[in-house]
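The numbering used here numbers the first residue of the sequence shown as 1 and each following residue consecutively. Glycine is no exception: its CB is placed at the ideal position from the N, C-alpha and C atoms. Take a look at the structure below.
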Amino acid sequence: MTPPGALPLKLVVSGPVGAGKTTFVQTLSQTPVVATEAEASEDIGKANTTVAFDFGTLTLEGQELHLYGTPGQDRFSFMWEVLCEGALGLVLLVAGDRPQDFLPARNIFEFITSRVAVPFVVGVTRQDQPRVWAPADVALYFGLPERHVLGLNATSPEDARRVLAHLLELTLSALAPVPAASGPSPLA
């Protein structure tokens, strides 16, 4: 339970269609996930798709975390920015066995991070499948440090928690005060 007067924290899960966003939210959520699935109106490789967002919750040491999965189609891009406002972090998922989705994933990532300053990790899903890209190769494709890209199976609770923990570690390390340098300032 979130302490009285404290707002719940928000985690956003985004990425292209079929990357595993809904599955990831369902895997992490401790409550039934509210999904806004509708029949796909165009050929996206699956019958249904998220049209607003998926929503679940997770409690971490008494603090409630709201989990939002975004739609993956460009026509719902307005939701990406809206959901990321005030977010604790962003998990951008990309299916590791679908390199044709890497450019749309990078476009989503750049769209969000150019508008909202949000800590992030990129999750390369389907690591349990054959012929999947390694996280290090996806980091190279995205031009990101390897520490920001993790491999996972979105159906694995251990993997989902590991990704969340890594995002929190990156976020907290970015907030840590920088120790004062001993000796004279290089600007002096």
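Assign Asn107 to one of two classes, buried (16 or more other C-beta atoms within 10 Å of its C-beta) or exposed (fewer than that).
-> exposed
Tell me where the alpha helix (DSSP H) around Phe111 begins and ends.
-> 102-115
As assigned by DSSP and simplified to three states, the class of Ser14 | strand
Just confirm the distance between the C-beta atoms of Gly20 and Ala95, as a whole number of angstroms; I'd bet it's less than 8 Å.
-> 7 Å
Out of curiosity, what's the CA-to-CA distance linking Ala87 and Phe53?
-> 15 Å
For the alpha helix (DSSP H) that Gln256 lies in, which residues bound it at each end?
-> Past the boundaries of the shown model lies residue 256; the chain is included only from 1 to 188, so the question cannot be answered.
So, helix, strand or coil for Ala95, using DSSP?
-> strand
Any chance the region 126-141 sits against the region 108-116, with 3 or more Cβ pairs inside 8 Å?
-> no
Alpha carbon of Lys46 to alpha carbon of Val17, nearest angstrom | With a pLDDT of 49 at Lys46, under the threshold of 50, the modelled position of that residue is not reliable, and no figure is offered here.
Residue range of the unbroken beta strand (DSSP E) whose run includes Val149 | 149-151
Residues that DSSP places opposite Gly69 in a beta bridge = Val13, Asp54
Apart from the five residues just before and just after Gln30, which ones in its own chain have a Cβ nearer than 8 Å to its Cβ?
-> Gly56, Thr57, Leu58, Thr59
Who are the near neighbours of Gln129 in its chain, counting only those whose CB is closer than 6 Å to its CB and skipping five residues on each side?
-> Asp97
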